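The sequence shown lines up with residues 0 to 350 when you count with numbering that gives the first Met the number 0.
One structure is given below, encoded as structure tokens.
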Amino acid sequence: MNITRRTFALLTLGLMGATALGGLPALAADRPAPFDKPESVKIALVRYLSTGDFFQAYLAGVQAQAKALGVDLRVFDSQQDAALQSDMVDQAIALGVQGIIIQHGLTESMKDAAQRAVDAGIKVVAFDVNVENAKIPQIEQSDKDLARLALEQAIKDNGEAWKAGYVYVAGIAPLDRRNETWVEFKKKYSGIDEVAQFGTLDNPIANSVANQARSVLSANPDIKVMFAPYDEFAKGVKIAVDEAGKNKDIKIYSADISTADISAMREKDSAWAATAATNPAVVGQVSVRALAMLLAGEDPGHSVVVPPTLITQKDLIEKDIKNMEELGEKLPQFAHADVAMPAWMPNPNAK
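Laid out in structure tokens, this is it:
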């Protein structure tokens with residue numbers, strides 16, 4: 000491999016930005032190779048998106064499961080730079096990792112990068128990015144179900160006919176899958192009238208979306224429902240709705256959840272009516288477990304799906320849920336997913 004000046008610089012950046020987790024958990028000797036000697040196992044997380052509570056919680060889940068296994072975890076964060084994310088896969092290969100988790104990204108930039116890792120004999124899983132590779136398991140939140148649960152609640156709350164604003168950015172795998180459900184719902188319920196579609200992933204995402212939503216609300220004062228199937232989108236819409244004094248006239252339906260989201264949904268007369276979510280920390284754990292199964296010679300399946308939970312404003316208030324910890328305690332189905340969980344796999348959530 001020829002090391003160019005740029006590659007060397009990127010490799011140095013990766014080493015500086017990497018984090019490692021070690022420690023040998025009990026009973027490691029009872030696990031299949033290579034996890035009988037986990038300190039010798041090195042894996043990498045290569046991220047495209049990292050801004051927002053969801054991605055912080057996802058990272059915490061990855062770290063928790065890696066620590067439970069006792070492996071060396073390196074984290075690379077491209078901060079939404081598609082070319083850099085691709086280069087970071089090469090950095091991970093150069094570091095000699097045995098496994099890579101690709102977290103989000105663009106198909107056109109990650110497809111070849113993922114194939115390079117596979118060609119190097121490295122096991123790869125992908126979360127919420129379609130790398131179009133039959134050898135790479137896809138970790139998914141069941142995005143269609145996330146959208147379905149939120150939209151079913153919108154129908155329950157508002158009937159079958161309303162004017163809607165829709166926040167969407169094409170080309171991001173989970174948003175594209177959620178969009179498929181939105182399209183299906185509009186066909187099923189002809190009374191849903193999408194009068195505006197907007198969206199951006201420019202950082203800070205919530206503030207950027209709020210800027211767009213202000214104009215949308217001004218131009219479409221008869222909007223009754225905002226479907227914003229990503230919580231940073233919903234935060235931005237809520238900012239604009241509150242500023243316009245329309246919090247009693249508009250209902251927001253979203254996907255994903257965080258403590259900040261819970262607080263926003265619990266506010267008096269909040270427009271944020273419901274969200275559908277998986278626990279992002281659990282999704283992070285499942286991502287590591289699926290990769291570990293591959294490294295152990297086991298098959299987690301090509302599609303590794305984490306089931307979502309509907310969370311309504313009413314649930315949060317009636318059950319007095321104020322944060323993510325209480326959400327897991329009072330909605331147990333949210334706290335753990337028995338997915339990619341062979342008998343030998345340590346559970347980081349075990350008390």
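Beta carbons are placed, not taken as given, at the ideal position from N, Cα and C, and that holds for glycine.
Values in this document were obtained by computation on a predicted structure and should not be read as measured data.
- For M225, DSSP records a beta bridge to G164 and I251.
- Inter-residue distance for G60 and A153 is about 30 Å (C-alpha atoms, whole angstroms).
- The shortest CA-to-CA distance from N278 to any of R288, I256 and P203 is the one to I256.
- Taking K155 as reference, the option from M340, A342 and L309 with the minimal CA-CA separation is L309.
- H301 and K134 have their alpha carbons spaced roughly 8 Å apart.
- The C-alpha of G198 lies about 28 Å from the C-alpha of A113.
- Taking C-beta atoms as the reference points, N157 and K223 count as a pair closer than 8 Å.
- In the DSSP assignment, Q102 falls within the beta strand (DSSP E) that extends over G98 to Q102.
- Three or more Cβ pairs closer than 8 Å define a contact, and the region 164-179 meets that threshold against the region 194-209.
- Ranking D71, A82, V123 and L150 by CA distance to the CA of L294 puts V123 first.
- Judged by DSSP in its simplified three-state form, R30 adopts coil rather than helix or strand.
- Restricting attention to I191, E231 and V236, the CA atom closest to the CA of Q211 is found in V236.
- Counting the other Cβ atoms within 10 Å of the Cβ of A291 gives 16 or more, which makes it buried.
- Pairing A342 with E297, the inter-Cα distance amounts to about 12 Å.
- Between Y57 and V282, the CB-CB gap stays under 8 Å.
- Per DSSP, Q137 lies in no alpha helix (DSSP H) segment; the continuous beta strand (DSSP E) that holds it begins and ends at Q137 to E139.
- Going by C-alpha positions, T106 is about 42 Å away from E317.
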